[in-house]
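Those sequence lines, one after another, are chains V and D. In terms of the numbering used here, the first sequence opens at residue 413 and continues consecutively. In terms of the numbering used here, the second sequence opens at residue 3 and continues consecutively. Note that beta-carbon positions come from the ideal geometry of N, C-alpha and C, so glycine has one too. Quantities reported herein were computed from a predicted structural model and do not represent experimental measurements.
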Amino acid sequence: KAGVTQTPRYLIKTRGQQVTLSCSPISGHRSVSWYQQTPGQGLQFLFEYFSETQRNKGNFPGRFSGRQFSNSRSEMNVSTLELGDSALYLCASSFWATAQETQYFGPGTRLLVL
Amino acid sequence: AQKVTQAQTEISVVEKEDVTLDCVYETRDTTYYLFWYKQPPSGELVFLIRRNSFDEQNEISGRYSWNFQKSTSSFNFTITASQVVDSAVYFCALSEGGTYKYIFGTGTRLKVLA
Chain V
413 KAGVTQTPRY
423 LIKTRGQQVT
433 LSCSPISGHR
443 SVSWYQQTPG
453 QGLQFLFEYF
463 SETQRNKGNF
473 PGRFSGRQFS
483 NSRSEMNVST
493 LELGDSALYL
503 CASSFWATAQ
513 ETQYFGPGTR
523 LLVL
Chain D
3 AQKVTQAQTE
13 ISVVEKEDVT
23 LDCVYETRDT
33 TYYLFWYKQP
43 PSGELVFLIR
53 RNSFDEQNEI
63 SGRYSWNFQK
73 STSSFNFTIT
83 ASQVVDSAVY
93 FCALSEGGTY
103 KYIFGTGTRL
113 KVLA
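Next comes the structure, spelled out in structure tokens:
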């Protein structure tokens, strides 16, 4: 079974621009979660989607948004990019995303904001 | 509030040595789940083990073993006979019942020297 895929793998943007990242979950998985990883803050939860609905959101500004499509693929968008948005963005999928389930992570998208 | 602490920032061992990675967690829930993930240089988080709060039985899986002690809120992970390929950053994570997100520790970088 194919794993979680994320595109693009690398991205360079400049301040003020916006960016869209994509995540395709494991086939059959209906939940997609997004995490931001930076050297300073570590791994932080952004949001989680299930059946096209956002069920939980982390403590990030409104510039960070996401959505999920009917085929469970998800996108996250960051508008008005800041230097501090440079990070590895990881996507994870699971069937229900209940607490006891294991989340399976993709390879991430490395975003560099100049 | 939930929190995961990995006090060891970096550990270096020589190949074939055993190594234990420490994890201490805080939660007010009685139902929770603990995970260990490995992050090689490629960036993808690789699932290793999972344990729920009702099962304190410690197990061994190949070269991996874990020691879960609710009395001390610790969930330590041991690699026996370490190999160079074990070099990576290891993350401990906590998920509480009813939530859809992981709380990660800051990670422990393991270097296994040949």
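(request) Tell me, please, which residues DSSP counts as bridged to Lys469 of chain V. (result) V:Phe459
(request) Could you name the residues of the region 513-525 of chain V whose beta carbon sits closer than 8 Å to any beta carbon of chain D, in the order they occur along the chain? (result) Thr514, Gln515, Tyr516, Phe517, Gly518, Pro519, Gly520 and Arg522
(message) Measuring alpha carbon to alpha carbon, tell me which residue in V:Tyr516, V:Ala499 and V:Leu493 is nearest Trp508 of chain V.
(response) V:Tyr516
(message) Tell me which residues share the same chain as Gly428 of chain V and place their Cβ nearer than 7 Å to its Cβ, disregarding the 5 neighbours each side in the sequence.
(response) Thr492 and Leu493
(request) Grab the span of the beta strand (DSSP E) containing Lys425 of chain V for me, first residue to last. (result) Tyr422 to Lys425
(message) Assuming Arg65 of chain D is part of the beta strand (DSSP E), what are its boundary residues?
(response) Neither: Arg65 of chain D is in no beta strand (DSSP E) and is coded neither H nor E.
(request) Flag Ser14 of chain D as yes if its beta-carbon sits less than 9 Å from any beta-carbon of chain V, otherwise no. (result) no
(request) Determine, using beta carbons only, whether Ile105 of chain D comes closer than 9 Å to chain V. (result) yes
(request) Establish whether the CB of Val26 of chain D and some CB of chain V are separated by less than 9 Å. (result) no
(message) Check whether the region 432-444 of chain V and the region 469-487 of chain V touch, using three or more Cβ-Cβ pairs below 8 Å as the test.
(response) yes
(request) Say whether chain D places a C-beta atom closer than 9 Å to the C-beta of Ala414 of chain V. (result) no
(request) Just the C-alpha distance for Gly454 of chain V and Tyr39 of chain D, rounded to the nearest angstrom, thanks. (result) 14 Å
(request) Pick helix, strand or coil for Ser439 of chain V, following the three-state DSSP scheme. (result) coil
(request) Specify, as a first and last residue, the run of the beta strand (DSSP E) that Trp38 of chain D falls within. (result) Tyr34 to Gln41
(request) Show which residues of chain D have a CB atom less than 8 Å away from the CB atom of Phe457 of chain V. (result) Lys103, Tyr104 and Ile105
(message) Looking at the strands, I want to know which residues DSSP matches up with Ala95 of chain D.
(response) D:Phe37 and D:Phe106
(request) Classify Val16 of chain D as helix, strand or coil using the three-state DSSP reduction. (result) strand
(message) With a threshold of 9 Å between beta carbons, is Arg52 of chain D in contact with chain V?
(response) yes
(message) Against chain D, with Cβ distances strictly below 9 Å, would Asn468 of chain V count as a contact?
(response) yes
(message) Please confirm whether Gly45 of chain D has its beta-carbon closer than 9 Å to some beta-carbon of chain V.
(response) yes
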